[in-house]
Amino acid sequence: MGDMGEGGDGRDGRDGGDIAVPIDHPGDGPDADVVIGLLAEPDRRRVLAAVELGASTLDLVTATTGLSAHRVAKALGKLVDGGIVGTGANGFVVVGDVFAQAARASRPGRRRDEHAAEPAGTRRVLDAFVRNGRILAMPTAPSKRRVLLDWLARTFEPGRRYAETEVNELLDRHDVDPATLRRALVDGTFLDRAAGVYWRAGGTVGPPK
24 MGDMGEGGDG RDGRDGGDIA VPIDHPGDGP DADVVIGLLA EPDRRRVLAA
74 VELGASTLDL VTATTGLSAH RVAKALGKLV DGGIVGTGAN GFVVVGDVFA
124 QAARASRPGR RRDEHAAEPA GTRRVLDAFV RNGRILAMPT APSKRRVLLD
174 WLARTFEPGR RYAETEVNEL LDRHDVDPAT LRRALVDGTF LDRAAGVYWR
224 AGGTVGPPK
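All letters in the sequence shown, in the order written, are residues 24 to 232 by our numbering.
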């Protein structure tokens with residue numbers, strides 16, 4: 024999906040200094056929709072190309088792409104989290120057969136079971152817009168958007184108070200800009216807030232996401 028809030032010069036109020044990049048990656052490769060969503064963002068495509076061509080460290084990828092170290096670290100973090108980039112003995116590498124795995128997984132007739140427990144209408148929306156817990160795109164149709172936001176609101180326990188940083192951390196796992204999602208949940212009356220504290224204000228009560 025197109026990134027929400029990942030434009031600009033990527034400084035995000037921080038310049039210089041060491042930037043930590045997660046280096047672990049999941050054992051199961053992403054499916055085609057997740058791969059496409061991850062590579063919809065230009066910085067990630069440039070970083071992936073640099074790694075494929077042999078840039079194996081943050082400094083080398085930065086030099087190869089011409090991007091700032093912060094933007095490179097952010098893109099690398101998403102690619103690692105998504106299972107496209109991992110680490111070998113000499114640094115960053117493209118995970119061997121991730122694209123072949125994604126192609127096989129997308130063959131016609133494959134049944135998706137991720138949202139099998141949801142009601143039929145909800146499942147149709149989530150199957151179209153969510154893969155492996157990651158939001159591929161935000162629906163433009165209001166009814167579908169509310170279905171997705173209702174699913175997302177189940178991330179938060181009713182009756183519990185959350186600091187803004189906690190909200191952002193929980194939403195970041197869904198691979199979109201957490202601030203944009205946080206505002207959408209508040210605007211949709213799924214979350215309420217006061218003095219920097221957030222809590223569930225509506226939506227379906229179900230298993231946490």
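For each residue, glycine too, the CB sits at the ideal point set by N, CA and C.
Identify the residues that DSSP records as bridge partners of residue i: which are they?
i, result
"W222", "D215"
"G229", "G229 pairs with nothing; no bridge assigned."
"T110", "F115"
Taking buried to mean at least 16 other C-beta atoms within 10 Å of its own C-beta, is residue i buried or exposed?
i, result
"T188", "exposed"
"G89", "exposed"
"A64", "Ala is not the amino acid found at residue 64; the sequence shown has Glu there. Buried: at least 16 other Cβ atoms inside 10 Å."
"P181", "exposed"
"D66", "buried"
"A139", "exposed"
"G77", "exposed"
"G219", "exposed"
"A98", "buried"
"G132", "No answer about G132 holds up, because its pLDDT of 48 lies below 50 and its placement is not dependable."
"W174", "buried"
I'd like the list of long-range same chain contacts for residue i, defined as Cβ closer than 8 angstroms, with 5 residues on each side in sequence excluded.
i, result
"F122", "V58"
"R183", "W222, R223"
"V190", "F179, P201, R205, L214, Y221"
"V170", "G144, T145, V148, L149, P162"
"V116", "V74, S79, V108, G109, T110"
"D195", "P201"
"K101", "L61, E64, R67, D198"
Starting from the C-beta of residue i, find all residues in its chain whose C-beta is less than 7 angstroms away, skip the five residues before and the five after it, and write them out in chain order.
i, result
"T212", "A224, G225"
"S166", "none"
"V95", "V70, L81, V84, T85, T88"
"R216", "V209"
"R168", "M161, P162"
Rounded C-beta distance between residue i and residue j? I'm assuming under 8 angstroms.
i, j, result
"G114", "S79", "3 angstroms"
"G109", "V103", "7 angstroms"
"L149", "L208", "Not a contact, Cβ separation roughly 16 angstroms."
Once the 5 residues before and after residue i are set aside, which same chain residues still bring their CB inside 6 angstroms of it?
i, result
"R68", "L62"
"V179", "What sits at residue 179 in the sequence shown is Phe, not Val. Contacts found: R223."
"L159", "M24, D56, G60, F152"
"Y185", "Y221"
Whole alpha helix (DSSP H) elements within the stretch 117-185, 4-residue minimum: 121-128, 143-152, 165-176
Pick out the complete alpha helix (DSSP H) segments inside the stretch 51-78, 4 residues or longer, and give them in chain order. 55-61, 65-75
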